[in-house]
Amino acid sequence: MYPVVLFLHSWVRWIVAVAAVVAVARALYGWLGKKGWAKLDDQLGLLFSTSLDVQMLLGLILYIFLSPITRAAFKNFGAAMSDGTLRFFAVEHILYMVIAVVLGHVGRTLSKKATQATAKHRIAAILFGLATLAILLAIPWSRPLFRFG
Ligand code: HEM
46 MYPVVLFLHS WVRWIVAVAA VVAVARALYG WLGKKGWAKL DDQLGLLFST SLDVQMLLGL
106 ILYIFLSPIT RAAFKNFGAA MSDGTLRFFA VEHILYMVIA VVLGHVGRTL SKKATQATAK
166 HRIAAILFGL ATLAILLAIP WSRPLFRFG
């Protein structure tokens, strides 16, 4: 079970990362170019927030049930704080990613509520942009980029 969920979590990272970059680029283009709000803008926001939700679910399954890293951290949480890898996965990774999930959802809700197209694009650009920043900072880039098996 652990290798399957780790494999999925590793690959879904790319769906999230690509969806994030495309959604932010499109929102910036709409905001700065004063474009109208199209169905594609809504679909990109939906893809970004949904892929983030799936990734959070996989991550929480690893965090709570499967990961030997978090299991080791939970054995002695105080001592884990002085180990860079244990602290990263037990605290920093989850914290930044939960912030990203919240920013993604708030960005989508507020941009849907806004009445003017420029405001919709601006809100999406800023909040999706901040979420993307948190994601890029918290991805463990030292682990395999493309995990096979
Ligand atoms: C609340 C949300 C999340 C939680 C609780 C979580 C939890 C975890 C845990 C516990 C691990 C270590 C697994 C192990 O090696 O035993 C891990 C690894 C990883 N996480 Fe997350 N994660 C979350 C969100 C995300 C997001 C949003 C991304 C990227 C978009 C991401 C990308 C990764 C990557 C790339 C790895 C390394 C996978 C590998 O070694 O192949 N995580 N995560």
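To get my numbering, take the position in the sequence shown, counting from 1, and add 45. Built from N, CA and C at the ideal position, the CB exists for glycine as well. None of these values were measured; they are calculated from a predicted model.
Unbroken alpha helix (DSSP H) run spanning residue i, endpoints
| i | result |
| --- | --- |
| Gly-152 | 138-158 |
| Arg-188 | Arg-188 -> no alpha helix (DSSP H), and no H or E assigned at all. |
| Lys-80 | It is not in any alpha helix (DSSP H) - Lys-80 carries neither H nor E in the DSSP assignment. |
| Gly-123 | 122-125 |
| Leu-107 | Careful: Leu-107 lies outside any alpha helix (DSSP H) and carries neither H nor E. |
Residue i Cβ short of 7 Å to ligand 1 heavy atom set
| i | result |
| --- | --- |
| Thr-115 | yes |
| Leu-126 | Looking at the sequence itself, residue 126 is Met, so the reference to Leu does not match. Answer for Met-126: no, Cβ out of range of ligand 1. |
| Gly-149 | no |
| His-138 | yes |
| Met-46 | no |
| Ala-62 | yes |
| Ser-187 | no |
| Phe-173 | no |
For residue j and residue i, the rounded distance between their alpha carbons
| i | j | result |
| --- | --- | --- |
| Trp-76 | Met-46 | 44 Å |
| Ser-187 | Asp-86 | 33 Å |
| Leu-182 | Tyr-141 | 8 Å |
| Ile-109 | Gly-123 | 18 Å |
| Leu-190 | Trp-56 | 9 Å |
| Gly-174 | Phe-193 | 30 Å |
Cβ-Cβ distance between residue i and residue j below 8 Å
| i | j | result |
| --- | --- | --- |
| Gly-152 | Ala-176 | yes |
| Lys-84 | Ala-162 | no |
| Ala-196 | Ile-180 | Since the first residue of the chain shown is 46 and the last is 194, residue 196 is not available in this structure. |
| Phe-134 | Ile-114 | yes |
| Gly-90 | Ser-156 | yes |
Neighbourhood of residue i by C-beta distance below 6 Å, restricted to the same chain and skipping five residues each side
| i | result |
| --- | --- |
| Ala-64 | Leu-92, Phe-93 and Ser-96 |
Nonlocal neighbours in the same chain, by C-beta distance under 8 Å from residue i, ignoring five residues either side
| i | result |
| --- | --- |
| Arg-197 | Summary: the structure shown does not reach residue 197, with the chain confined to residues 46 through 194, and so no result is reported for it. |
| Leu-111 | Met-46, Tyr-47, Val-50 and Leu-51 |
| Ile-171 | Gly-152 |
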